[in-house]
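A quick write-up on the structure given underneath.
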Amino acid sequence: MTSLFPALTSGPADGPALRFGERSLTYTELAAAAGATAERLGGARRVAVWATPTMETAVAVVAALLAGIPAVPLNPKSGERELGHILSDSAPDLVLTAPEDQLPSPVGDLPRLDVDVDVHGTGPAPAVPEEHADESDPALIVYTSGTTGPPKGAVIPRRAIASTLDALADAWQWSGDDVLVHGLPLFHVHGLVLGTLGPLRRGGSVRHLGRFSTQGVARELAGGATMLFGVPTMYHRIAEAVTSDPDLVKALTGARLLVSGSAALPVHDHGRIATATGRRVIERYGMTETLMNTSVRADGEARPGTVGVPLPGVELRLVEEDGSEVTAYDAETVGEIQVRGPNLFTEYLNRPDATAAAFTADGWFRTGDMAVRDPDGYVRIVGRKATDLIKSGGYKIGAGEIENALLEHPGVREAAVTGEPDPDLGERIVAWIVPADPQSPPGLAELADHVAQRLAPHKRPRVVHHLNALPRNDMGKIMKRALTHE
Ligand code: MCA
Ligand code: AMP
Numbered sequence: 013m014t015s016l017f018p019a020l021t022s023g024p025a026d027g028p029a030l031r032f033g034e035r036s037l038t039y040t041e042l043a044a045a046a047g048a049t050a051e052r053l054g055g056a057r058r059v060a061v062w063a064t065p066t067m068e069t070a071v072a073v074v075a076a077l078l079a080g081i082p083a084v085p086l087n088p089k090s091g092e093r094e095l096g097h098i099l100s101d102s103a104p105d106l107v108l109t110a111p112e113d114q115l116p117s118p119v120g121d122l123p124r125l126d127v128d129v130d131v132h133g134t135g136p137a138p139a140v141p142e143e144h145a146d147e148s149d150p151a152l153i154v155y156t157s158g159t160t161g162p163p164k165g166a167v168i169p170r171r172a173i174a175s176t177l178d179a180l181a182d183a184w185q186w187s188g189d190d191v192l193v194h195g196l197p198l199f200h201v202h203g204l205v206l207g208t209l210g211p212l213r214r215g216g217s218v219r220h221l222g223r224f225s226t227q228g229v230a231r232e233l234a235g236g237a238t239m240l241f242g243v244p245t246m247y248h249r250i251a252e253a254v255t256s257d258p259d260l261v262k263a264l265t266g267a268r269l270l271v272s273g274s275a276a277l278p279v280h281d282h283g284r285i286a287t288a289t290g291r292r293v294i295e296r297y298g299m300t301e302t303l304m305n306t307s308v309r310a311d312g313e314a315r316p317g318t319v320g321v322p323l324p325g326v327e328l329r330l331v332e333e334d335g336s337e338v339t340a341y342d343a344e345t346v347g348e349i350q351v352r353g354p355n356l357f358t359e360y361l362n363r364p365d366a367t368a369a370a371f372t373a374d375g376w377f378r379t380g381d382m383a384v385r386d387p388d389g390y391v392r393i394v395g396r397k398a399t400d401l402i403k404s405g406g407y408k409i410g411a412g413e414i415e416n417a418l419l420e421h422p423g424v425r426e427a428a429v430t431g432e433p434d435p436d437l438g439e440r441i442v443a444w445i446v447p448a449d450p451q452s453p454p455g456l457a458e459l460a461d462h463v464a465q466r467l468a469p470h471k472r473p474r475v476v477h478h479l480n481a482l483p484r485n486d487m488g489k490i491m492k493r494a495l496t497h498e
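Residues 13 to 498 (this note's numbering) are what the sequence shown spells out, left to right.
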């Protein structure tokens, strides 16, 4: 196939490619660092990447893609249980790390390859390995939560990455002149595919904040960055800050494009940012399994509460409960969003059952997101089919996963997990617990630590309620609606 990163060989050799804090690489240097790492991967079938928000992670992923070897990004904050599952499911041959990384069990048991990013140079880029992979070959395996059970590995082919990034280039007029700033994690599609591989495919550059802050956003946008990507929690924090931070207002006013995604950005936050800066945040809608499906276009009308129109190459339809297609564009008739196109994943690794259930017989992917369409085709997401999926801080979290972890605590007899609205996180995780001993129920901090250590800190409950019994129907099934409405 054609290269995923043409700029590595024919791009702006001395132009900036990546910047993480004080460290940066030009395209020549990135080609040298990633090319050398790719050569050291020879023979590996699949590799894991210890995906800290660092230069090493970006170079490691580019190297794996150059070598045509699928990469599995790991959340470095994942607990032992979650890491154990991902490693046994994906069976990587080795893990790519930064030299100073300390690896916990069980990742520490894998052979490790320290990525060397300490290269300097000018002039034409050195030869990088030719990308021998086919466009249908797997590029990334990204783990994503479902309603029950442990996370599933979505196998993302090279074709999906190329097509989604090119469709976004069309929608956003995204070019090599753009400088992107963000502080997103690098183990999910948003920060890794859009936020890191995106600028590199365009021959532009990305400045990663290491950790999101409104001050970092203001500094970089005032210092030449043109685009900002973030999850709604980040834009909420920006909306809170603009009233008292004139530097932030000025920086946002000068940006070319402010893009939000991973969850819905409340209209109130849209409004506060627009009022303070005169700039409108645009939203795009995607999923780990589908990469990007729709977006408000840079040359289109920014309409808060909508995720815009289908991207070039993406077919989108709304389907009713009985399988019939919604034909109305009336901003009223709700259907499940189903999509088809080159942007889709190929399968859930080792899960033919889940893969088959995710597609219709004629190849449409069932997103589980419910939406209506405005008369001019703008899509408005109005909810989700599964109440057991929680979106907190832009992370998708399955209630079942947390319930299983809670049930392993000796002080927990029964557990149910729900999401409730949170102004900062969108939704916060709530645990409803029947304690084993009502006289000494386990407290919030204890249960939060228990979950954070096994799964990941973003999956920890933020609220715990103690009950004598969980409300159940005649079949014995927990009635979660009764919990959330108590
Ligand atoms: C707190 N912490 C703990 C505990 N309590 N650690 C261990 N055990 C505990 N009990 C730590 C946390 O790890 C964190 O550390 C710090 O305390 C604060 O945590 P928290 O309040 O949870 O988070 P935050 O720092 O306020 O983060 C908000 C955030 C974050 C920055 C918005 O949620 C975030 O980065 N979200 C992005 C999610 C994302 O990229 N989703 C894309 C997937 P420390 O600060 O050191 O970490 S969706 C996708 O890819 C699709 C395709 C799409 O459409 O985009
Ligand atoms: P994930 O599985 O973590 O990739 O998250 C994908 C889900 O995030 C989608 O199925 C949607 O529910 C949600 N999502 C992503 N972008 C948006 C958006 N702009 N507005 C509303 N929901 C979104």
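Glycine included, C-beta positions come from ideal geometry on N, C-alpha and C.
Item: Any non-hydrogen atom of the ligand MCA closer than 6 angstroms to V201 Cβ; Value: yes
Item: 6 angstroms Cβ shell around A448 - same chain, five flanking residues per side excluded; Value: G423, R425
Item: Which of helix, strand or coil DSSP assigns to R472; Value: coil
Item: Burial state of A19, where buried means 16 or more other Cβ atoms lie within 10 Å; Value: buried
Item: Buried or exposed by the 16-neighbour rule on C-beta atoms within 10 Å, applied to Q451; Value: exposed
Item: Chain-order list of residues whose beta-carbon lies under 8 angstroms from that of G54 (same chain, five-residue window excluded); Value: A79
Item: Euclidean distance between Cα positions of T40 and P435; Value: 44 angstroms
Item: Exposure of Q114, with buried meaning 16 or more beta-carbon neighbours within 10 Å; Value: exposed
Item: DSSP state of M579 mapped onto helix, strand, coil; Value: What the structure shows of the chain is the stretch from 13 to 498, and residue 579 is not part of that stretch, so it cannot be assessed.
Item: Span separating the alpha-carbon of G195 from that of T208; Value: 11 angstroms
Item: Own chain, CB closer than 7 angstroms to L277, minus 5 neighbours either side, in chain order; Value: P244, Y247, V293, E295
Item: C-beta contact flag for T49 and A75 at 7 angstroms; Value: yes
Item: Contact with chain C by G335, beta-carbon distance below 7 angstroms; Value: The displayed structure is made up of one protein chain only, and chain C is not part of it.
Item: Proximity test, K408 beta-carbon vs the ligand AMP heavy atom, cut-off 6 angstroms; Value: yes
Item: Environment of E51 [buried if 16+ CB atoms lie within 10 Å]; Value: exposed
Item: T287 burial status per 10 Å Cβ neighbour count (16 or more: buried); Value: exposed
Item: Euclidean distance between Cα positions of S307 and P453; Value: 47 angstroms
Item: beta-carbon T302 near the ligand AMP non-hydrogen atom, thresh 6 angstroms; Value: no
Item: Boundaries (first-last residue) of the alpha helix (DSSP H) holding I285; Value: 279-289
Item: Residues near A263 by beta carbon distance below 6 angstroms, same chain, minus five either side; Value: A230, L233, A234
Item: Local conformation of I414 per DSSP, three classes; Value: helix
Item: Cβ pair count under 8 angstroms reaching 3, the region 175-195 against the region 81-99; Value: no
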